Amino acid sequence: MITVRVTDLQSGCYSETFLKLKTSSQPHINKPPNLYACDNGNGISTFDTSLIEEELIGNQQGLSISYFDGNGEQLPSPLPLNYQNTKPWKQTVYIRVENELSALCFSETSFELITNPLPEIILEDEYVLCALEPMLQLSSNLDYDTWQWAFEDGSIVSNSADVNLIDAGTYTLKVSKTRDGIACENSISFRLVRSVLPVIEEVKIQDISANNYIEIISSGDGDFEYSVDGINYQDN
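Residue numbers (my numbering): 342 to 577.
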């Protein structure tokens, strides 16, 4: 507390008042850990920010928190509990913590919002298996952590990277990969078509004439090709 006196030099009359000087402490903050989430599409994710303020200031009171993006635009404070990044894949969030008694007393830090890509699955939309073949063998990426091959009725065919498919129908492969403490899943569906073995029902032959021919009467699914010598094929 400082006493301020103003005196009239001619008369010696004076007046007094008081000036209070108060020191506001600079906020002591912790740098929040980076947040990770799985890709929802195009590098945009939903991040759980529920622990940010607790990690940032603990139980300190009388502090004002502001958030900013990389362009200096202010973000909502507090951040929504399920916050979507506005910059794909990796976004820096800047934080300014001020003492409510004096905006000149502040501390700054930042953390990253990082989107983890989903594990990539490379499979065809449809596989065709001849009826004579016992099974279709498929393999997935060995770098994943889990695999689940499921038939259309919900039954699990395999829980490894490899699978042998027998029955025709729709299958779904679901895989997961753990990175930065979170498991990201991806899935894809495809069809297995069993091609029915064609049958030669009848062979009609007209010979010893001016218009010799051989006609093959066949049945089965699909488009057939025909060959006399097993080398050269034709459509009819």
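For glycine and all other residues, C-beta sits at the position ideal for the given N, C-alpha and C.
Just so you know, these numbers come straight off a predicted model, no measurement behind them.
How long is the line joining the alpha carbons of residue i and residue j, rounded to whole angstroms?
i	j	result
D562	N375	57 Å
T487	E453	28 Å
Q547	V534	37 Å
D521	A444	36 Å
L483	G382	24 Å
S480	E526	17 Å
P417	V434	11 Å
I529	G384	19 Å
E465	L514	12 Å
N500	A491	9 Å
S536	G495	23 Å
D564	N577	10 Å
C471	N505	14 Å
I549	I463	57 Å
Y554	D570	15 Å
Among the options, whose alpha-carbon lies nearest the alpha-carbon of residue i?
i	options	result
Q402	F409, E394 and Y408	E394
E467	Y355, F531 and V345	F531
D508	D410, I463 and V469	V469
T364	R346, L442 and P421	L442
L477	E493, S496 and D503	D503
D410	D494, T511, K361 and K428	K428
F359	R346, Q415 and L538	R346
L538	N552, Y554, S550 and S559	S559
G413	P421, E396, Q432 and N505	Q432
I406	P419, S366 and N553	P419
T344	S352, S356, I549 and E396	S356
F661	S366, E396 and Q489	The structure shown does not extend to residue 661, since the chain is modelled only from 342 to 577, so the question has no answer here.
Just to confirm, are residue i and residue j a CB contact at a threshold of 8 Å?
i	j	result
D423	D380	What sits at residue 423 in the sequence shown is Asn, not Asp. Not a contact, by the Cβ cut-off of 8 Å.
N426	S391	no
V516	P460	yes
T456	A524	no
T511	E493	yes
Going by beta carbon distance, what residues of the same chain come within less than 7 Å of residue i, once the five residues before and after it are set aside?
i	result
Y574	E566, Y567 and S568
I557	I541, V544 and Y567
T450	I370, K372 and I436
M579	With the chain covering only 342 through 577, there is no way to say anything about residue 579.
With a threshold of 8 Å on Cβ separation, who are the neighbours of residue i within its own chain once the five nearest residues in sequence on each side are excluded?
i	result
L404	P368, I398, V438, E439, N440 and E441
Any heavy atom of the ligand GDP closer than 7 Å to the beta-carbon of residue i?
i	result
C525	Only the bare structure without any ligand can be found here, which leaves the ligand GDP out of the picture.
Original post:
Which full runs of the alpha helix (DSSP H) of 4+ residues lie inside the stretch 516 to 559, going along the chain?
Top reply: Listed in chain order, nothing qualifies, since the stretch 516 to 559 has no complete alpha helix (DSSP H) run of 4 or more residues.
Original post:
In the stretch 380 to 428, which residue ranges form an unbroken beta strand (DSSP E) of at least 3 residues, counting only runs that do not cross its ends?
Top reply: Fully enclosed beta strand (DSSP E) runs of 3 or longer: 387 to 389, 404 to 409 and 423 to 425.
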